[in-house]
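Asker:
Residue numbers (our numbering): 21 to 261.
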């Protein structure tokens, strides 16, 4: 190659042409392993034919570059159907892989999050840099964007607090639904430490409120064929990714 300097020509003679992506590193990019990277915030997943449920169709765009992007979804937990308590929650969601949480406040705000590692109910903090929160509709629905996504910050750790005596907990405080005995519909949100704040600096997914009452709470998991491997269905005591 006329563009090569003498050193490159000597290297090429002995070791072959220089690779555009040395040592096959293209095999480890976001296209093949998307959940080794933070969520994308300006790209949206295409519809999936099996999204018959209207809510599935609404949350599908947020799943771009996740393990659930093209996989069918199923409703595994509905608090109004299954119960507003930790036992019912974990009976429905544990050991089913990554999942989407969708909740609606009594004021009509629709929000939730993607938990790539799912729940197992062993009392551990499950880390993932690919986890994110989202707000559906409202002022954040512009053009092709159905809403806004909020990335995990501070590294992958504590993406989800998986406690058998509690419910959803993105970080220690970012989106928490503890299922308190005396107030099971209570949800709290404080952004900044584990998930990023909104562009204007707002530090809650609930508009201006740090705590709200929920009208409904649902969890969707991926659909797997019988015998198909489901990732992240056991404890990960040393996982930091």
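Beta carbons: idealized from backbone N, C-alpha and C, even for Gly.
#1: Who are the Cβ neighbours of residue 199 in its own chain at under 8 Å, not counting the five residues just before and after it?
#2: Could you tell me which uninterrupted beta strand (DSSP E) segments, each at least 3 residues in length, are contained entirely in the region 104-134, listed from first to last along the chain?
#3: Buried or exposed: residue 247, going by 16 or more other Cβ atoms within 10 Å of its Cβ?
#4: Classify residue 56 as helix, strand or coil using the three-state DSSP reduction.
#5: Classify residue 63 as buried or exposed, calling it buried when 16 or more other Cβ atoms lie within 10 Å of its own Cβ.
#6: Have a look at 231, 214, 216 and flag the residue whose alpha-carbon is nearest the alpha-carbon of residue 207.
#7: Nearest to residue 202 by alpha carbon, out of 233, 146, 177?
#8: Could you tell me if residue 250 is buried or exposed, where buried requires 16 or more neighbouring beta carbons within 10 angstroms of its beta carbon?
#9: Would you identify the three-state DSSP class for residue 178, choosing helix, strand or coil?
#10: Measure from the alpha carbon of residue 59 to the alpha carbon of each residue in 130, 145, 173, then state which is nearest.
#11: Find out if the Cβ-Cβ distance for the pair residue 192, residue 56 is shorter than 9 Å.
#12: Where does residue 199 fall in DSSP's three states?
#13: For residue 53, does the count of other Cβ atoms within 10 angstroms reach 16, so buried, or fall short, so exposed?
#14: Expressed to the nearest angstrom, what Euclidean distance is found between the alpha-carbon atoms of residue 45 and residue 148?
#15: Does the distance from the CB of residue 61 to the CB of residue 168 come in under 9 Å?
#16: Taking the alpha carbon of residue 80 as the point to measure from, which residue in 139, 114, 165, 117 has its own alpha carbon closest?
#17: Helix, strand or coil for residue 154? Go by DSSP, reduced to three states.
#18: Which residues in the same chain as residue 92 place their Cβ atom closer than 6 Å to its Cβ, once the five residues preceding and following it in sequence are excluded?
#19: So, under 8 Å CB-CB, residue 141 and residue 184 are touching, yes? Tell me the CB distance rounded to an integer number of Å.
#20: Mapping the DSSP letters down to three states, classify residue 244 as helix, strand or coil.
#21: Does the separation of the CB atoms of residue 111 and residue 179 fall below 9 Å?
#22: Reducing DSSP to helix, strand and coil, say where residue 159 ends up.
Answerer: Result, derived from the coordinates:
#1: 104, 105, 106, 109, 186, 187
#2: 119-125
#3: exposed
#4: helix
#5: exposed
#6: 231
#7: 233
#8: exposed
#9: coil
#10: 173
#11: no
#12: coil
#13: exposed
#14: Confidence is the limiting factor: at residue 45 the pLDDT is only 46, short of 50, which leaves the residue's position unreliable and the question unanswerable from this model.
#15: yes
#16: 165
#17: strand
#18: 70, 243
#19: 4 Å
#20: coil
#21: no
#22: helix
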